[in-house]
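Each residue of the sequence shown is one higher than the last, beginning at 0 in numbering that gives the first Met the number 0.
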Amino acid sequence: MKRSVDYADDMMTLARLHAALDSVVDTEQVMTQIHESSMVPQPAVTKVRELVAEARELLRSLLRPEGRHAAVGKALSRQDSSLP
Numbered sequence: 000m001k002r003s004v005d006y007a008d009d010m011m012t013l014a015r016l017h018a019a020l021d022s023v024v025d026t027e028q029v030m031t032q033i034h035e036s037s038m039v040p041q042p043a044v045t046k047v048r049e050l051v052a053e054a055r056e057l058l059r060s061l062l063r064p065e066g067r068h069a070a071v072g073k074a075l076s077r078q079d080s081s082l083p
């Protein structure tokens with residue numbers, strides 16, 4: 000029973016990661032449109048585009064199998080260090 004619950008949690012997490020990636024890609028496209036349509040260079044828009052691109056790459060790395068395992072390992076080690 001525990002195994003099927005873990006599997007369902009994993010699938011929900013994957014679905015959330017994919018949804019987050021879709022949202023970040025959409026945001027990146029909007030920021031690109033804003034940047035391209037503006038006649039005046041906007042450092043804030045450039046910075047946001049850089050941050051969104053970084054978020055996209057982070058989400059993509061988490062969606063790779065080796066990335067998910069690394070993220071789980073880091074989370075577990077943080078939990079272990081917070082135990083009394």
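Backbone N, C-alpha and C define an ideal beta-carbon position, used for all residues, glycine too.
Please read all numbers here as calculations on a predicted model, not as lab measurements.
Close beta carbons around residue i, own chain, < 7 Å, minus the five adjacent residues each side
i, result
"proline 83", "Any reading at proline 83 is ruled out, since the residue's pLDDT is 46, under 50, leaving its predicted position unreliable."
"valine 51", "Val23, Thr26, Glu27 and Met30"
Alpha helix (DSSP H) segment containing residue i, residue limits
i, result
"arginine 63", "It is not in any alpha helix (DSSP H) - arginine 63 carries neither H nor E in the DSSP assignment."
DSSP state of residue i mapped onto helix, strand, coil
i, result
"proline 83", "The predicted model places proline 83 with a pLDDT of 46, which falls under 50 and marks its position as unreliable, so this point remains unresolved."
"serine 3", "helix"
"methionine 38", "coil"
"histidine 17", "helix"
Nonlocal neighbours in the same chain, by C-beta distance under 8 Å from residue i, ignoring five residues either side
i, result
"leucine 58", "Leu16, Ala19, Leu20 and Val23"
Neighbourhood of residue i by C-beta, 6 Å cutoff - its chain only, sequence neighbours within 5 removed
i, result
"arginine 48", "Met30"
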